[in-house]
Amino acid sequence: MKKNKRLVFKASGLALLAFSFFSEIEAQQLRSLSGANSPNDDTNPVWIGNNTLLFTRAFHPSNLGGASDSGDIWMTRKGANGDWEEATHRPDLSSRGYDLALGLEDVLTLLILRIEAGKSSVHQFSKFGQDWNYLRSVNFPGLDSFDGPVSGRVATGGKVIFIAGKRTGGFGNEDIYFSEKTGMSDWSELRNLGPTINGFGQEMGPFFDPATNQLYYSSNSHQGASGKDILISKRMGETWDSWSKPEKWDQISSRGSEASITFISKDEVVWTSTQNSDGFADLMTFSTPVPLVIPTEFVAPVLPQPKTEEPKSLAKTTQVEEVKQETVIVKLTDSTDVNLSKPPVAPLEKPTVNVELPISWLVVDSKSKTELPFTIAFLKGVEEIDFQEVLLQSKLIEEGISSVKISSPGYFPKQVPIESLDPKTKTEVQLTKAQPGSTVLLENVNFKRGTAELEGESTEASLSDLAAFLIENPQIKIRINGHTDNVGDPGLNKKLSLDRAGSVRDFLISKGVNFENLRISGWGGTRPIASNATEEGRAKNRRVELAVEN
């Protein structure tokens, strides 16, 4: 059984300087989180704000897989008086396998790593009130390549995930890897953080703070390690394989093993600690607030240089006998056949030169496919940029152009992302005529995950163009239709779709569009345009469309 409280005495230079008249060594009392500790294995604390801490609890009878379940998500909350409430099970975030909270991708989206039936995966959950609703499994290549336990954390901002585990080709027994977000639910291949971070032993429990560019992790590879200590390394540049020499965080490193820190605030931290022979872990913090003594000086690492040897000469001195030339005279007659032909010479190949052609366009009616007159405008975010010269795609990218707006009288305008241009031939753009019965998909309108809040410069630019078009054509009346996929509660999906349609209407009204010309509807997941069995299909079903009415 684990004790509810432990005393750990540490010497701190800062504490000695400030309190030397009281004692030579300042005692820092630690405690297991009130209500969060149990005779089970509690690991991986993740602070998600709103006074809420998630963690993984193993082998508890209430887990979905019973007392043999390797880990479910549990939750404890910090009260106004600083005490931690009794932990509660979160079956909505758990499975019968191993579940680990990676953290918040954004304020309303939680990522859960799951290992079930030998398969590893990452899943998104969206917050509705106090509940979390399942959204989807994300595309995370290489996750199944780990052998054994896995730990990890998403960095604040939701753009990078750090994963630690045993994998072929690593530097030690367990290494730390990273993956970058490449799309709405897509992540890049895992890459190793390199030999500065990963040693011969175990590195696990990563936590990265983008504000300081510091990586906190657990390691037993460093010199003098008696267990696993918390090390800190600072990112030295723009790449993810350049790190400072790791420094030990003495304040929370003990003779046992520490891992997986999470900051409650800049002055409060919680971590996993294993100090007893039972092998089970506690969630630890300081009983009373103390100054966090975190290393602040970081130096570049000294990595071993590969040995080089001077190449040994393989040449040998050889006696070469003089060769006498002999002249042979051949007498030519009329019948002598002399072949004076030269050996064939291969023709020289001309080097291939790739010449970038200026951008050209083919703008047509989406139904009749007849060619249309059009005008173009170049957009840098929401700002229109004027170019007079003939343009190349590379020039536009160099100038920071994000998209090109195509307009034709009587047709809904359309924005084409700069990366979609075809440099080898004409870029074809199909425009939808604004007449009763026609519909158009708002391709560049995005919302914050699980909410009706509009997000991104492309969203603002696209809706601003639409507003200008509707103001120029006040006779056009449209219905804004919101749609979702069929994952989650149907009632909540319908409300979300209606709220998103309402957000689009509110934006257009704010730009001067007549309220009477705008109607909204929310259909939830009842009108799919693709299969909901795949993520690609579900992404297509989450959309906002315009329908022109009589």
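Numbered per mature numbering (1 follows the signal peptide of the UniProt record, and there is no 0), the sequence shown spans residues -27 to -1, 1 to 523.
Beta carbons: idealized from backbone N, C-alpha and C, even for Gly.
Residue burial classification, residue i (beta-carbon count within 10 angstroms, cutoff 16)
{"i": "N434", "result": "The sequence shown places Ala at residue 434, not Asn. Buried, because 16 or more other Cβ atoms sit within 10 Å of the Cβ of A434."}
{"i": "A60", "result": "buried"}
{"i": "G461", "result": "buried"}
{"i": "G130", "result": "exposed"}
{"i": "R228", "result": "exposed"}
{"i": "P382", "result": "exposed"}
{"i": "A187", "result": "Going by the sequence as given, residue 187 is Gln instead of Ala. Buried, because 16 or more other Cβ atoms sit within 10 Å of the Cβ of Q187."}
{"i": "E522", "result": "exposed"}
{"i": "V272", "result": "exposed"}
{"i": "V301", "result": "The predicted model places V301 with a pLDDT of 47, which falls under 50 and marks its position as unreliable; any figure quoted below should be read in that light. It counts as exposed."}
{"i": "S110", "result": "exposed"}
{"i": "F144", "result": "buried"}
{"i": "I451", "result": "buried"}
{"i": "K201", "result": "buried"}
{"i": "D117", "result": "exposed"}
{"i": "G210", "result": "exposed"}
{"i": "P219", "result": "buried"}
{"i": "K467", "result": "buried"}
{"i": "F488", "result": "exposed"}
{"i": "P390", "result": "exposed"}
Paired residues, beta bridge with residue i - DSSP
{"i": "D79", "result": "T82"}
{"i": "V337", "result": "E344, Q403"}
{"i": "I46", "result": "T29"}
{"i": "T247", "result": "S230"}
{"i": "A520", "result": "T412, R452"}
{"i": "N165", "result": "Y150"}
{"i": "W496", "result": "Its beta-bridge partners do not exist; DSSP assigns none."}
{"i": "T61", "result": "M48"}
{"i": "I205", "result": "Y189, E220"}
{"i": "D14", "result": "A31"}
{"i": "S5", "result": "M257"}
{"i": "A175", "result": "Per the sequence presented here, residue 175 reads as Gln, with Ala not at that position. Answer by DSSP bridge pairing, in chain order: E147."}
{"i": "A53", "result": "For A53, which the question treats as bridged, DSSP gives no partner whatsoever."}
{"i": "K92", "result": "E89"}
{"i": "F181", "result": "L188"}
{"i": "T235", "result": "V243"}
Straight-line gap, residue i to residue j (C-alpha atoms, nearest Å)
{"i": "S341", "j": "L163", "result": "47 Å"}
{"i": "E344", "j": "W20", "result": "57 Å"}
{"i": "G38", "j": "F351", "result": "57 Å"}
{"i": "R473", "j": "E426", "result": "7 Å"}
{"i": "G156", "j": "S376", "result": "18 Å"}
{"i": "E401", "j": "L77", "result": "40 Å"}
{"i": "L491", "j": "L335", "result": "31 Å"}
{"i": "F420", "j": "R515", "result": "10 Å"}
{"i": "I469", "j": "N459", "result": "For the sequence presented, residue 469 should be read as Leu rather than Ile. Cα to Cα, L469 sits roughly 12 Å from N459."}
{"i": "D56", "j": "W47", "result": "17 Å"}
{"i": "I203", "j": "D223", "result": "8 Å"}
{"i": "G510", "j": "N112", "result": "14 Å"}
{"i": "G423", "j": "N23", "result": "18 Å"}
{"i": "G174", "j": "K154", "result": "28 Å"}
{"i": "F259", "j": "L3", "result": "4 Å"}
{"i": "G52", "j": "E508", "result": "39 Å"}
{"i": "K221", "j": "G172", "result": "14 Å"}
{"i": "D45", "j": "L84", "result": "14 Å"}
{"i": "V363", "j": "T348", "result": "Note that V363 has pLDDT 49, beneath the 50 cutoff, so the model's placement of it is unreliable and no number is given."}
{"i": "P34", "j": "A40", "result": "4 Å"}
{"i": "L81", "j": "P168", "result": "35 Å"}
{"i": "R50", "j": "A74", "result": "16 Å"}
{"i": "F180", "j": "N36", "result": "26 Å"}
Cβ pair residue i, residue j closer than 9 Å
{"i": "A520", "j": "N446", "result": "no"}
{"i": "F442", "j": "S393", "result": "no"}
{"i": "P268", "j": "I205", "result": "yes"}
{"i": "T29", "j": "D65", "result": "no"}
{"i": "L415", "j": "V477", "result": "yes"}
{"i": "K484", "j": "S437", "result": "yes"}
{"i": "residue 606", "j": "A137", "result": "Residue 606 lies beyond the residue range present for the chain, which begins at -27 and ends at 523; the question has no answer from this structure."}
{"i": "A506", "j": "K513", "result": "no"}
{"i": "G498", "j": "P463", "result": "yes"}
{"i": "K399", "j": "Y384", "result": "no"}
{"i": "S191", "j": "P18", "result": "no"}
{"i": "V243", "j": "L26", "result": "yes"}
{"i": "A128", "j": "D214", "result": "no"}
{"i": "Y150", "j": "L166", "result": "yes"}
{"i": "Q97", "j": "S161", "result": "no"}
{"i": "I493", "j": "G475", "result": "yes"}
{"i": "L439", "j": "L471", "result": "no"}
Taking only runs of the beta strand (DSSP E) that begin and end inside the region 378 to 427, which ones reach a length of at least 3 residues, in chain order?
-> 387 to 390, 400 to 404, 412 to 414
Residue ranges of each beta strand (DSSP E) run of no fewer than 3 residues wholly in the region 94 to 146, ordered along the chain?
-> 104 to 110, 124 to 127, 133 to 138
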